[in-house]
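Data first, discussion second: the structure below is written as C-alpha cells.
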Amino acid sequence: MGSRFRVKSDPLVQKHGGYVVHLIETDENNDQISPSVEWKYNATNGQVVAGGKGAGHRTNQLDGPTDIFVNKDSLIICDAGNRRVTRWPRRNGTRGEAVLSNIACSRLTMDDQEFLYVSDNEEHDVRRYRAGETTGTVVAGGNGMGNRLYQLNWPSYICVDQHCSLYVSDNSNHRVVKWAKNAKEGIVVAGDEGYGNDLMQLSNPDGVAVDSSGTVYVADNNNHRIMRWFKDATQGDVIVGGNGEGSENNQLKNPQDLSFDRDGNLYVVDWGNHRVQRFDIEQN
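Okay, so the sequence shown: first residue is 719 according to the numbering used here, each after it adds one.
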C-alpha cells in the first residue's frame, strides 16, 4: 500500500523561530518509521529513527506501523502488526519498549498532561492511559460498533483540545465526533449526513485538527479535499482540493493527515500523490 505520513510541527524547534516541521513517515513496505527530522528548504533525505530491521516482533523491529506521536524525548508508535504501542528514544534509539500490548491500535495522540489516547478499531473505542497504565479508561465509544452517539464505527485519527475534549474521526460513520471530558456520548461536529460529497457530508474522514476557537479541520479522504467546519456550523467549506482526484497543485488524492505550524501554514499529507503540500490559508 505504500507509506502513511503524520505531519507534526515541532514546538522545540518552532519556539526558536523558523519553519521546521517534522514529516513522520510510517513506511508499510519497509516496516520502518523514517522521519525527515528537519525538512528545511532543499532538504532531500530523512533518517530512520525506529525499526528498519525488517518486519518482526523483536524490540528493534516494527510490523505495519500506522501512527506516531513525537514528544520532547521519545517517539510513541502504533506498531499495528504487532498489536502493541511502543516507545522509542527520540535520538539515537536502536530499540523500543512495549508500553501497551494486545491492542488493535489504529491511531494515537497525547494531551498536555501526557495522557496517551489510542483508537482501537476492533473494540470501536478510544482509551486514555496514564503513564505506566496498561488497562486504560474508555473515553469514546466502547458500546460496540454502531452509529449512535455513544458508539463509533472504525475510529481512526484523534486529537485533543486544550479542554481535554477528544475529537474522533469516526471513519465508517463519515463524521467527526467530539467527546467532552467524562462524557457518555459524543457530539457531531462535522458530517453525519451519510457518505457523500455535499458540504454537509464527509467520506471516510481521516486526519483531524481543532484550533483554539473550536474550528475543526478534516482530511476528507475519499472526497479528495480538506474541509473546515466552524463551531456549531451545519456544513463545512472546502479550503484545499475539492477539484476532483488528481495531482495538480489545486488537487489532492486521498488526503490522509493534516497539521498547522506556528504561523498558520497548513500541511497536508497527499497520500495518493506521495507528497506533502503546504498551504497558506485564512483561519478565521
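Even for Gly, the Cβ is constructed at its ideal location relative to N, Cα and C.
DSSP, reduced to helix, strand and coil, places asparagine 889 within a helical segment of the structure shown. Across the set Thr952, Asn983, Asn941 and Gly799, the C-alpha of Asn941 shows the shortest separation from the C-alpha of leucine 970. Of the residues assessed, threonine 784 falls on the buried side of the cut-off, its CB having 16 or more other CB atoms within 10 angstroms. Cβ neighbours of serine 792 within its own chain (closer than 7 Å, five residues either side excluded): Arg805, Trp806, Pro807 and Arg808.
Listed in chain order, the non-local C-beta contacts of leucine 870 below 6 Å within the same chain comprise His842, Gly859 and Asp888, local neighbours out to five positions each way being set aside.
Pairing phenylalanine 997 with serine 930, the inter-Cα distance amounts to about 20 Å. Excluding five sequence positions before and after valine 856, the CB atoms of its chain that fall closer than 6 Å to its own CB belong to Asp843 and Arg845, given in chain order. Glutamine 880 and alanine 898 have their C-alpha atoms spaced approximately 11 Å apart. In the three-state reduction of the DSSP assignment, glycine 959 falls in the strand class, which pools E and B. Here the C-alpha atom of glycine 925 lies approximately 5 Å from the C-alpha atom of tyrosine 875.
A distance below 8 Å separates the beta carbons of threonine 852 and leucine 818. Histidine 892 is classed as buried because its beta carbon has at least 16 other beta carbons within 10 Å across all chains shown.
Arginine 825 is not a Cβ neighbour of alanine 816, given a cutoff of 8 Å.
Taking the C-beta atoms as reference points, glycine 964 is found no nearer than 8 Å to arginine 943. For glutamine 779, no beta strand (DSSP E) run applies, since DSSP gives it neither H nor E. Using a 10 angstroms sphere on the CB of alanine 768, the tally of other CB atoms reaches 16 or more, which defines it as buried. Judged by their CB atoms, asparagine 820 and tryptophan 872 are not nearer to each other than the 8 Å cut-off. Rounded to the nearest whole angstrom, the CA to CA distance from aspartate 955 to methionine 828 is 28 Å.
For glutamate 815, the enclosing beta strand (DSSP E) begins and ends at 815–819.
The C-beta distance from lysine 771 to glutamine 779 rounds to 5 Å, short enough to meet the 8 Å contact threshold. Between alanine 937 and leucine 884, the CB-CB gap reaches or exceeds 8 Å. Fully contained in the stretch 803–864 are the following beta strand (DSSP E) runs of length 3 or more, in chain order: 815–819, 823–828, 834–838, 843–847 and 855–859. In this structure, isoleucine 786 keeps its C-beta atom at 8 Å or more from the C-beta atom of glycine 814. DSSP, read as helix, strand or coil, puts alanine 798 in helix. Beta-bridge partners assigned by DSSP to asparagine 983: Asp998.
Annotation: the continuous beta strand (DSSP E) that includes glycine 909 extends over 905–909.
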